[in-house]
Amino acid sequence: MIKKLFLMLVLIFCGFIINADPVEDLIKTSGDADKYKGSNVLVLFDSTRVDVQQTGLSHFHIHQLFKVLTQAGALELRVIKVDYDPISADAEIRLLRVFRRNGDVEILDLKNVKDYAAPARGIYWGAREKMIEVGRLEPGDVVELKYFKKGFTYALLMDDDDDRFIPPMRGHYYDIVPFWSNHPMLEKVYIAQLPADKPLQYQFYNGECQSSLRFENGKHIYTFSMKNFMPLKREPNMLDFFDVAPKLILTTSPDWEAKSRWFYNVNEDYGSFEPTPEAEAFVKELLKDAKTELDSVSILTHWVGDNMRYSGISMGSNEGYTLHNTEMNFRDRCGVCKDKAALLISFLRIAGFETYAAMTMAGSRIEDIPADHFNHSVTVVKLSDGKFHLLDPTWVPFIRELWSSAEQQQNYLIGLPEGADLMITPVSPPENHYLKIKARSSIMADGTLEGSLSVEAEGQTDAAVRGIFIREYKSEWDKALEAELLKVHPAAVITQMDYGDPIDYLSGPITINISYQIKGYAITGDNEIIFTPLLATPFMSRAMGHLYFNTDQEEKKYGFRDRCSRLVELEETITFPDNFKPLLPDVNKTTSGNSARFSGGYRIKGNSIQLNQEIVLGKRIYEAADWNEFREAVKGQKKISEMPVVLKKSN
Numbered sequence: 013m014i015k016k017l018f019l020m021l022v023l024i025f026c027g028f029i030i031n032a033d034p035v036e037d038l039i040k041t042s043g044d045a046d047k048y049k050g051s052n053v054l055v056l057f058d059s060t061r062v063d064v065q066q067t068g069l070s071h072f073h074i075h076q077l078f079k080v081l082t083q084a085g086a087l088e089l090r091v092i093k094v095d096y097d098p099i100s101a102d103a104e105i106r107l108l109r110v111f112r113r114n115g116d117v118e119i120l121d122l123k124n125v126k127d128y129a130a131p132a133r134g135i136y137w138g139a140r141e142k143m144i145e146v147g148r149l150e151p152g153d154v155v156e157l158k159y160f161k162k163g164f165t166y167a168l169l170m171d172d173d174d175d176r177f178i179p180p181m182r183g184h185y186y187d188i189v190p191f192w193s194n195h196p197m198l199e200k201v202y203i204a205q206l207p208a209d210k211p212l213q214y215q216f217y218n219g220e221c222q223s224s225l226r227f228e229n230g231k232h233i234y235t236f237s238m239k240n241f242m243p244l245k246r247e248p249n250m251l252d253f254f255d256v257a258p259k260l261i262l263t264t265s266p267d268w269e270a271k272s273r274w275f276y277n278v279n280e281d282y283g284s285f286e287p288t289p290e291a292e293a294f295v296k297e298l299l300k301d302a303k304t305e306l307d308s309v310s311i312l313t314h315w316v317g318d319n320m321r322y323s324g325i326s327m328g329s330n331e332g333y334t335l336h337n338t339e340m341n342f343r344d345r346c347g348v349c350k351d352k353a354a355l356l357i358s359f360l361r362i363a364g365f366e367t368y369a370a371m372t373m374a375g376s377r378i379e380d381i382p383a384d385h386f387n388h389s390v391t392v393v394k395l396s397d398g399k400f401h402l403l404d405p406t407w408v409p410f411i412r413e414l415w416s417s418a419e420q421q422q423n424y425l426i427g428l429p430e431g432a433d434l435m436i437t438p439v440s441p442p443e444n445h446y447l448k449i450k451a452r453s454s455i456m457a458d459g460t461l462e463g464s465l466s467v468e469a470e471g472q473t474d475a476a477v478r479g480i481f482i483r484e485y486k487s488e489w490d491k492a493l494e495a496e497l498l499k500v501h502p503a504a505v506i507t508q509m510d511y512g513d514p515i516d517y518l519s520g521p522i523t524i525n526i527s528y529q530i531k532g533y534a535i536t537g538d539n540e541i542i543f544t545p546l547l548a549t550p551f552m553s554r555a556m557g558h559l560y561f562n563t564d565q566e567e568k569k570y571g572f573r574d575r576c577s578r579l580v581e582l583e584e585t586i587t588f589p590d591n592f593k594p595l596l597p598d599v600n601k602t603t604s605g606n607s608a609r610f611s612g613g614y615r616i617k618g619n620s621i622q623l624n625q626e627i628v629l630g631k632r633i634y635e636a637a638d639w640n641e642f643r644e645a646v647k648g649q650k651k652i653s654e655m656p657v658v659l660k661k662s663n
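And the structure:
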């Protein structure tokens with residue numbers, strides 16, 4: 013009898029253990045706002061399980077648990093949203109449960125899930141959001157979410173109902189999984205379950221994780237997990253989180269060559285570049301005055317860039333990697349990057365060039381593992397030198413380049429019939445993006461500054477200066493230019509100006525000539541004049557993005573980026589009254605380095621002061637180790653702007 017009673021108690025106790033909710037146990041042992049100071053939400057776990065079919069169709073099961081730490085966290089979690097693209101993916105919220113701080117548990121009615129069009133700007137492909145209101149939350153409450161997704165990010169030429177969820181490279185699976193969070197996280201798990209005959213490549217970057225491989229029922233089960241990690245501290249101008257934070261990349265694609273051949277074939281088979289009689293006649297007319305192959309390439313690239321509006325209209329099940337065809341692009345004159353690239357390829361082929369589409373990633377690095385980390389499409393053309401040259405009609409409207417140097421040091425993949433490896437765009441020399449300003453001025457005893465100056469710029473710097481005009485109505489151009497001088501001093505007046513025709517950007521580098529007068533520019537006293545030379549101020553800082561860098565930071569943990577490589581040359585001669593003697597600040601400085609350098613300072617010549625500055629910034633993407641060179645060069649220019657010139661009256 014005693015043995016039976018003991019056995020019954022053991023079974024009851026085991027039943028309690030079996031039926032215990034691990035979520036509730038985890039909630040009890042998690043910390044609160046005191047432990048995670050400065051954080052609004054604690055992620056108790058984030059689990060993803062992917063079941064990959066032979067076709068490449070993937071079923072994603074996501075399970076997440078969030079703890080509210082502050083009122084701001086409660087506001088963040090009051091509405092749950094799940095994004096999806098109905099053309100190529102589906103999403104279903106399957107459980108939403110709230111564990112109240114007082115012990116109550118609420119299961120929300122999923123009939124209240126709403127399906128809305130997602131906000132869109134420029135690309136209108138029908139993305140949607142499924143969302144449900146959680147309602148009022150308090151610190152200490154916990155939200156549990158389970159949802160299901162199937163499909164992928166891009167759609168492509170599918171017919172059957174479930175076929176639309178199969179990835180473009182049929183039979184293949186790929187994913188790029190961020191192992192970072194904006195909130196502290198106790199555990200993140202990613203499980204991929206694949207057929208045993210489907211080999212998987214993977215690599216974990218920028219950190220370490222626990223990983224395992226198990227064999228079960230003809231499947232290979234890959235598991236990756238990380239525990240107890242905090243949000244990365246963001247640095248000013250740092251590289252994209254995908255470049256510096258822990259991430260997992262997985263793919264069944266064998267190599268880049270296979271992906272290159274697929275990208276080539278999918279657009280050739282669809283007929284993206286088939287000419288039309290209207291397009292052939294138009295290209296012939298456009299090129300009637302072209303003298304060289306570069307003339308032809310430039311005319312066609314800039315026509316597409318300037319005349320095809322960026323507005324992505326979905327063509328339904330064919331959207332995604334498929335480039336819209338010539339007839340549609342030439343008729344609609346609108347599309348996204350891939351459509352601009354496609355029309356340029358069509359035009360170039362009509363003109364007799366060998367040309368192909370390419371994929372790239374604007375904003376972050378593509379690792380050397382053939383997953384689909386692409387967000388931008390461009391064009392390549394083979395010229396008489398036997399080399400491929402990059403063209404980007406999306407990024408070069410009103411820019412005097414065929415390939416935007418704001419995309420230097422960026423990976424890309426060409427779609428070729430024989431296949432191609434992943435490549436990277438070269439650094440563009442700083443002298444291709446120069447800003448040269450020369451000024452002659454006079455400072456008067458009453459503090460008035462009068463003078464004239466010329467501005468010349470090229471490349472990406474030309475685009476920054478030209479933006480003064482092209483982003484304004486023509487009737488406002490004079491005011492827009494004067495506004496640049498008013499940023500220096502509110503009493504500035506331009507007495508004469510000449511800036512040519514800013515719209516005619518292909519005729520040559522932009523040149524601006526102005527004469528100006530600024531009353532009360534200097535601080536004056538009985539025996540002294542104090543002022544900062546005009547070219548030591550942030551005049552034309554729109555073309556000197558480096559001046560906006562915070563140079564107080566002594567070290568950087570992560571790489572950083574500027575808009576583009578750049579050369580800045582500033583020369584100013586200031587004449588002062590005969591009965592004054594200049595006291596120049598100690599700002600003369602020369603720095604050297606492989607990635608950045610500066611030289612600048614003052615010298616006296618008769619009754620004039622000469623200010624010369626040159627800063628060379630050698631690239632767009634910098635390593636953390638480059639920060640000292642970059643910082644010292646920028647500090648050299650900033651120091652001149654911070655220390656004024658003093659003119660003392662002679663006895």
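Heads up, the sequence shown is in my numbering, so the first residue is 13 and it goes up one at a time. For each residue, glycine too, the CB sits at the ideal point set by N, CA and C. Just so we're clear, the structure is a prediction, and the values are computed from it rather than from any experiment.
Leaving aside the five residues that flank residue 338 on each side, the residues in its chain whose CB is nearer than 8 Å to its CB run, in chain order, 284, 285, 286, 287, 288, 291, 354, 355, 358. Secondary structure note for residue 582: its beta strand (DSSP E) is the uninterrupted segment 578 to 587.
Between the segment 398 to 410 and the segment 524 to 541, the count of Cβ pairs shorter than 8 Å is below three; the stretches do not touch. For residue 106, the closest alpha carbon among the candidates 638, 82, 147, 143 is that of 143. When secondary structure is reduced to three states using DSSP, residue 509 falls in the strand class. Within the same chain, and ignoring the five residues on either side of residue 655 in sequence, the residues whose Cβ sits closer than 6 Å to its Cβ are 597, 599. Secondary structure of residue 343 (DSSP, three-state): helix. Nearest to residue 545 by C-alpha distance, out of 645, 278, 653, is 653. With 16 or more other Cβ atoms inside 10 Å of its own Cβ, residue 575 counts as buried. Scanning 424, 552, 450, 459 for the CA closest to the CA of residue 477 turns up 552. Non-local beta-carbon contacts of residue 298 in its own chain, meaning distances under 7 Å to residues more than five positions away in sequence, involve 311, 312, 315 in chain order. The C-beta of residue 485 has fewer than 16 other C-beta atoms within 10 Å across all chains shown, which makes the residue exposed. Looking at the DSSP output, residue 624 shares a beta bridge with 583, 613.
Closest in alpha carbon position to residue 237, among 228, 248, 224, 563, is 224. In this structure, DSSP gives residue 207 an extended state, which the three-state scheme calls strand.
In the pairwise beta carbon analysis, the segment 458 to 468 is classified as touching the segment 520 to 531: at least three pairs are separated by under 8 Å.
When only Cα atoms are considered, residue 266 and residue 40 end up about 46 Å apart.
If you look at residue 289, you'll find it in the alpha helix (DSSP H) that goes 289 to 298. By the CB criterion at 9 Å, residue 86 and residue 148 fall inside the cutoff. As the crow flies, the alpha-carbon of residue 554 is around 51 Å from that of residue 122.
CA-to-CA, the gap between residue 644 and residue 447 works out to about 20 Å. A direct Cα-Cα distance of roughly 6 Å separates residue 626 from residue 582. Beta-bridge partners assigned by DSSP to residue 35: none are found.
The segment 432 to 439 makes no contact with the segment 341 to 350; the number of CB pairs closer than 8 Å stays below 3. A Cβ-Cβ separation of about 11 Å leaves residue 38 out of contact with residue 54 under the 8 Å criterion. The three-state secondary structure of residue 372, taken from DSSP, is strand. In this structure, DSSP gives residue 98 a state outside helix and strand, which the three-state scheme calls coil. Going by beta carbons, residue 383 and residue 203 fall outside the 9 Å limit. Within the DSSP bridge table, the entry for residue 524 names 467 as partners. Looking only at 657, 573, 326, the smallest Cα-Cα distance to residue 97 is reached by 326. Membership of residue 88 in the alpha helix (DSSP H) is indicated by the continuous run 83 to 89.
CA-to-CA, the gap between residue 205 and residue 217 works out to about 21 Å. Its chain contains 336, 341 as the residues whose beta carbon lies nearer than 6 Å to that of residue 351, once the 5 sequence neighbours on both sides are disregarded; these appear in chain order. Per DSSP, residue 636 is not a residue of any alpha helix (DSSP H), being assigned neither H nor E.
Counted as a single uninterrupted DSSP element, the beta strand (DSSP E) harbouring residue 163 occupies residues 154 to 163. Contact annotation: residue 58 and residue 81 have beta-carbon atoms that are not nearer than 9 Å.
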